[in-house]
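What follows is a single structure, written as structure tokens, with notes after it.
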Amino acid sequence: MRRWNGWGDSANDYPLKAAGRRFLTQRLGPGRPLPDATLESALARVPPSRLPEHALISRDPEQRLRHARGQSLGDWLALRAGEPEVFPDAVALPENSEQVRQLLDWARQQNCLVIPYGGGTSVAGHINPPAGERPVLTLSLARMDRLLNLNQESQLATFGAGTPGPALERQLGEHGYRLGHYPQSWELSTVGGWVASRSSGQQSMRYGRIEQLFAGGLLETPDGPLRLPTVPASSAGPDLREMVMGSEGRLGVITEVDVRISRLPAVEQFHVAFAPHWPAAVALVRRMVQERVPVSMLRLSNPQETVTQLTLAGHGLAVGALNRYLALRGNRPDEKCMITFGVTGEAQDCRHALARARRHIRAAGGVLTGQTLGRKWEQARFRSPYLRHGLWSEGYAVDTLETCVDWSRVEDTVAAIEAAIREHAGDGEQAHVFTHLSHLYAQGSSIYTTYVFRCSPDYATTRARWWAMKSAASDAIVAHGGTISHQHGVGRDHAPWLGAEKGPRGMAALGALLAHFDPEQRLNPGCLIADTTDKE
Ligand SMILES: Cc1cc2nc3c(=O)[nH]c(=O)nc-3n(C[C@H](O)[C@H](O)[C@H](O)COP(=O)(O)OP(=O)(O)OC[C@H]3O[C@@H](n4cnc5c(N)ncnc54)[C@H](O)[C@@H]3O)c2cc1C
296 MRRWNGWGDS ANDYPLKAAG RRFLTQRLGP GRPLPDATLE SALARVPPSR LPEHALISRD
356 PEQRLRHARG QSLGDWLALR AGEPEVFPDA VALPENSEQV RQLLDWARQQ NCLVIPYGGG
416 TSVAGHINPP AGERPVLTLS LARMDRLLNL NQESQLATFG AGTPGPALER QLGEHGYRLG
476 HYPQSWELST VGGWVASRSS GQQSMRYGRI EQLFAGGLLE TPDGPLRLPT VPASSAGPDL
536 REMVMGSEGR LGVITEVDVR ISRLPAVEQF HVAFAPHWPA AVALVRRMVQ ERVPVSMLRL
596 SNPQETVTQL TLAGHGLAVG ALNRYLALRG NRPDEKCMIT FGVTGEAQDC RHALARARRH
656 IRAAGGVLTG QTLGRKWEQA RFRSPYLRHG LWSEGYAVDT LETCVDWSRV EDTVAAIEAA
716 IREHAGDGEQ AHVFTHLSHL YAQGSSIYTT YVFRCSPDYA TTRARWWAMK SAASDAIVAH
776 GGTISHQHGV GRDHAPWLGA EKGPRGMAAL GALLAHFDPE QRLNPGCLIA DTTDKE
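If you count the sequence shown from 1, position 279 lands on 574 in my numbering, and the numbers rise without skipping.
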């Protein structure tokens with residue numbers, strides 16, 4: 296069963312190994328676990344619903360608690376403390392577009408807010424009900440989880456918007472196809488959520504971001520349905536799909552999603568190499584992507600991430616041997632940077648891609664270690680979110696943030712984000728900060744930073760320190776010309792920084808678009824652009 300106050304299925308765990316515990320104790324001090332609230336105590340805080348009964352909604356307190364928060368660290372702390380503060384008044388689980396339509400009409404009659412809910416994996420406060428006079432209906436797409444149509448000739452598939460990653464790939468795999476969109480949240484996030492928050496999967500270098508995969512679909516707006524037709528390309532004015540992608544539930548409810556699919560690949564392998572130091576490693580991956588080496592994923596970990604990943608994964612022996620080898624070659628082992636890359640496709644194409652990748656890595660003084668560590672990465676790729684539990688039970692909190700900048704800014708931006716987090720760890724505490732580049736483009740790269748810190752003795756201080764670190768890092772991101780999000784979206788948490796990126800005219804245009812579809816600010820207000828109505 297899905298956890299109510301953490302990540303994923305309660306049957307799965309990822310405890311911290313002894314080496315990982317030692318590693319964090321050395322850097323941050325012994326962990327300081329905070330007490331977890333029980334489900335019963337959290338349920339006791341759910342107030343009576345302000346909505347009347349309706350055949351398509353549930354006012355059950357446990358459903359309401361389970362849909363009250365997403366997966367940001369702020370959400371995690373609120374749930375672990377048993378104090379999510381605001382709860383939806385009801386949760387709807389429609390089974391088709393017609394029922395979504397009925398619910399939107401009913402919401403208008405009730406003057407309630409509507410929060411479209413996919414997998415609830417938002418890490419930016421997208422689905423948190425706002426406090427206010429108007430009741431809140433969370434509209435979950437969980438029951439709309441099926442393949443509705445497969446057009447093999449055009450390589451298009453239509454899915455119910457609530458289809459999560461594993462169900463989507465299973466249904467396509469039965470016909471010999473794959474979408475290839477693998478965000479780390481793949482186990483729980485949904486195709487509608489990917490579109491609504493402009494998500495990016497780990498193999499975006501082969502399959503593209505959701506922008507390239509989303510071909511069209513159906514949006515139920517407060518005003519009526521909007522069908523986005525599937526044309527391969529068009530010069531007929533602005534593309535309306537662009538309006539829907541990243542709309543974060545504010546224009547309507549996406550009920551059907553048409554996606555571009557590919558044949559299942561014959562071969563897929565993941566390899567790991569090590570570059571001697573960060574500047575050489577950044578130059579290497581930039582060359583690989585600018586010279587279009589056809590890898591399906593490419594991820595470069597900085598030295599801090601390299602040592603952290605290898606230690607937490609328990610690769611101590613292999614790392615010892617690697618360090619001795621690097622030292623023999625005149626490299627400093629503590630400066631090594633791990634490069635994980637994938638090749639996907641026909642056997643011959645993979646051989647060719649691998650040969651080109653190897654040539655680049657060797658020319659940059661890198662060391663190739665083959666597929667062993669790559670296989671381990673593949674096995675753990677969707678398991679790593681469970682490590683949050685291992686860390687939490689030892690008394691450490693973990694959060695991530697991300698951006699994307701041009702190559703000329705990558706190194707300075709990484710340094711500024713990491714410094715901002717360290718400087719704002721607060722309470723005389725340290726933050727252990729590390730970064731990787733993934734989702735690489737010829738123009739620039741995404742930057743993904745993780746920070747681990749020891750909990751304070753109480754929830755309120757832990758939360759305040761988290762927000763101080765996150766805000767300082769977000770300021771650093773926009774000061775360096777980065778986007779406030781490359782893949783996690785804006786939600787409520789990143790909304791204060793959106794204006795720095797879009798500018799006043801851009802924000803006004805965005806506001807006008809939202810007002811056009813949703814003049815009563817009924818759909819997820821406060822998300823993307825701060826709320827201006829429901830304050831009475
Ligand atoms: C451990 C972890 C790892 C992650 N890794 C990645 C990653 O690798 N790449 C990445 O891109 N993201 C990642 N994320 C962030 C998150 O998974 C993505 O933003 C994802 O796209 C959200 O999908 P969801 O179905 O869970 O949407 P939700 O969280 O339910 O909703 C997100 C937003 O979309 C809206 N929405 C959802 N469904 C619909 C719909 N049908 N119609 C209209 N609006 C809708 C909601 O109102 C909300 O504003 C990660 C999150 C976690 C917790």
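Every residue, glycine too, gets a C-beta built ideally from N, C-alpha and C. Quick caveat, the model's predicted, so the values are computed rather than measured.
Start-to-end residues for the alpha helix (DSSP H) that takes in residue i
| i | result |
| --- | --- |
| tyrosine 754 | 754 to 774 |
| threonine 416 | That residue, threonine 416, is in no alpha helix (DSSP H); it is neither H nor E in DSSP. |
| leucine 399 | 392 to 405 |
| leucine 434 | That residue, leucine 434, is in no alpha helix (DSSP H); its beta strand (DSSP E) goes 431 to 435. |
| tryptophan 299 | No alpha helix (DSSP H) holds tryptophan 299; DSSP gives it neither H nor E. |
| glutamate 600 | 598 to 607 |
| glutamine 321 | 313 to 323 |
Distance between residue j and residue i (C-alpha atoms, nearest Å)
| i | j | result |
| --- | --- | --- |
| aspartate 707 | serine 741 | 13 Å |
| alanine 313 | glycine 611 | 11 Å |
| glycine 723 | glutamine 321 | 15 Å |
| threonine 639 | glutamate 586 | 18 Å |
| phenylalanine 812 | glutamate 357 | 32 Å |
| threonine 550 | histidine 572 | 47 Å |
| alanine 732 | tyrosine 681 | The question names alanine, but residue 732 in the sequence shown is leucine. Roughly 22 Å between the two C-alpha positions. |
| cysteine 699 | serine 780 | 7 Å |
| arginine 284 | proline 342 | Only positions 296 to 831 of the chain appear in the structure, and residue 284 is not among them; the question remains open. |
| asparagine 819 | glutamate 537 | 19 Å |
| serine 751 | leucine 329 | 8 Å |
| tryptophan 792 | glutamine 507 | 26 Å |
| glycine 665 | glutamate 482 | 27 Å |
| phenylalanine 748 | tryptophan 371 | 14 Å |
| arginine 354 | isoleucine 410 | 15 Å |
| alanine 653 | leucine 663 | Residue identity differs from the one stated: residue 653 is arginine in this sequence, not alanine. Approximately 7 Å between the Cα atoms of the pair. |
| serine 703 | phenylalanine 509 | 30 Å |
| tryptophan 672 | leucine 523 | 37 Å |
| serine 392 | glycine 488 | 16 Å |
| threonine 516 | asparagine 423 | 20 Å |
| arginine 429 | alanine 737 | 47 Å |
| serine 368 | arginine 760 | The question names serine, yet the displayed sequence has leucine at residue 368. One C-alpha to the other measures close to 11 Å. |
| leucine 334 | serine 305 | 13 Å |
| proline 325 | leucine 443 | 52 Å |
| arginine 359 | glycine 532 | 42 Å |
| glycine 678 | tyrosine 309 | For the record, residue 678 in the displayed sequence is arginine; it is not glycine. Spanning the two alpha carbons is a distance of roughly 8 Å. |
| tyrosine 502 | glycine 475 | 6 Å |
| alanine 714 | glycine 669 | 30 Å |
First through last residue of the beta strand (DSSP E) which encompasses residue i
| i | result |
| --- | --- |
| methionine 633 | 632 to 640 |
| valine 386 | 385 to 387 |
| arginine 800 | Looking at the DSSP string, arginine 800 is not in any beta strand (DSSP E); the run it does join, the alpha helix (DSSP H), is 790 to 812. |
| threonine 744 | 739 to 749 |
| threonine 667 | Careful: threonine 667 lies outside any beta strand (DSSP E), inside the alpha helix (DSSP H) at 667 to 675. |
Contacts around residue i, its chain only, beta-carbon distance under 6 Å, and the 5 residues preceding and following it disregarded
| i | result |
| --- | --- |
| aspartate 331 | Arg375 |
| valine 709 | Thr730, Ile742 |
| proline 589 | Ala648 |
| arginine 646 | none |
| leucine 696 | Thr744, Ala768 |
| arginine 441 | Gly455 |
| proline 379 | Ala363, Arg364, Ala373 |
| serine 480 | Thr416 |
Any C-beta of chain C under 7 Å from that of residue i
| i | result |
| --- | --- |
| glutamate 724 | In summary, chain C is missing from the structure at hand, where a single protein chain is found. |
Beta-carbon contacts of residue i that lie in its chain and below 7 Å, excluding the five residues immediately before and after
| i | result |
| --- | --- |
| serine 336 | Gly377 |
| histidine 349 | Trp401 |
| methionine 764 | Ile716, His719, Ala720, Ala726, Tyr746 |
| tyrosine 754 | Leu329, Leu372, Ala376 |
| arginine 619 | none |
Check: residue i C-beta below 6 Å from any heavy atom of ligand 3
| i | result |
| --- | --- |
| isoleucine 634 | You won't find ligand 3 in this model; what it holds is ligand 1. |
Cut-off 8 Å between Cβ atoms - residues of its own chain near residue i, not counting five sequence neighbours on either side
| i | result |
| --- | --- |
| glutamate 630 | Pro571, His572, Trp573, Pro598 |
| glutamate 641 | Pro560, Ala561, Val562 |
| valine 490 | Ala456, Ile505, Phe509, Gly512, Val539, Met540, Ile549, Val552 |
Residue ranges of each alpha helix (DSSP H) within the region 698 to 731, 4 or longer: 702 to 718
In chain order, each alpha helix (DSSP H) run of at least 4 residues that lies wholly inside the region 446 to 513: 460 to 468, 486 to 491, 499 to 502, 505 to 508
Length-filtered (4 minimum) alpha helix (DSSP H) runs lying within the region 522 to 595: 535 to 539, 573 to 585
The region 443 to 452 touching the region 357 to 369, judged by at least three CB pairs closer than 8 Å: no
Cβ contact (3+ pairs, closer than 8 Å) linking the region 594 to 603 and the region 684 to 702: no
The region 434 to 442 contacting the region 382 to 389, beta-carbon criterion three pairs below 8 Å: yes
Stretch pair the region 484 to 500 + the region 771 to 786: three plus CB contacts closer than 8 Å: yes
The region 392 to 406 contacting the region 465 to 475, beta-carbon criterion three pairs below 8 Å: no
Given 8 Å, three or more beta-carbon pairs between the region 457 to 466 and the region 527 to 543: no
Ordered list of beta strand (DSSP E) runs contained in the region 335 to 391, each at least 3 residues: 385 to 387
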